[in-house]
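Q: A single structure is presented below for examination.
Numbering (the working numbering), first residue to last: 235 to 417.
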């Protein structure tokens, strides 16, 4: 009977170990945030958004609005999983691309400090996220000159993410930035 008790003890130990390993793994690699598919549409409602979606090529990216376009979008939220029309608030802009802020969460953007920066070789200074416009694709490398509080600059390299083929706006991913020599 001691052999059976040892076997039960070993199986219990193995099961607990597997559960702990699974719990640690789930904490180490959280699932990425949900990015809802969306497209530009100045005016509309849920029915118009659903009807337009097949021809508009919705893109599941961060909402970055072209500066010259209206702020109306159609967006497909995960719950309830249906198309809705929303008028965004235009936030800070860089390179003719602007932060798209949903009215329901606009309070979260109050007091957000964005970096001052410019594209090397240009004179336009932005105080906004590192937005770029053009035919750039996720993974493409870009550079920006970030202006520190003391007025010094540093060349920052990063990779493009959230490229939206409908707006041609994208973001230089900040958690992959590599600081280089001064600009």
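For glycine and all other residues, C-beta sits at the position ideal for the given N, C-alpha and C.
1) Pull the bridge partners of residue 386 from the DSSP assignment, please.
2) Is the Cβ-Cβ distance between residue 362 and residue 417 less than 8 Å?
3) Output yes or no for whether 8 Å exceeds the beta carbon distance between residue 345 and residue 333.
4) Please name the residue, chosen from 350, 308, 291 and 296, that lies closest to residue 384 on a Cα-to-Cα basis.
5) Please report the Cβ distance between residue 270 and residue 287, rounded to the nearest whole angstrom; I am assuming they are in contact, meaning their Cβ atoms lie under 8 Å.
6) From what residue to what residue does the beta strand (DSSP E) around residue 333 run?
7) Using 8 Å for Cβ pairs, my map puts residue 274 next to residue 400. What's the rounded Cβ distance?
8) Taking residue 347 as the reference, give the member of 289, 360 and 313 with the closest Cα.
9) Residue 310: buried (16+ other C-beta within 10 angstroms of its C-beta) or exposed?
10) Going straight from the alpha carbon of residue 319 to that of residue 415, what length do you get?
11) Considering only C-alpha positions, which residue in the set 272, 330, 354 and 389 is nearest to residue 368?
12) Can you look up residue 305 in the DSSP assignment and give me helix, strand or coil?
13) With 16 as the cutoff for other CB atoms within 10 Å, does residue 390 come out buried or exposed?
14) Check the C-beta distance from residue 357 over to residue 375 and give it rounded, since I have them as a contact under 8 Å.
A: According to the data block:
1) BP columns for residue 386 are empty, so no partner.
2) no
3) no
4) 350
5) About 12 Å separates the two Cβ atoms, so there is no contact after all.
6) 331-335
7) 7 Å
8) 360
9) buried
10) 45 Å
11) 330
12) coil
13) buried
14) Residue 357 to residue 375, Cβ: 22 Å. No contact.
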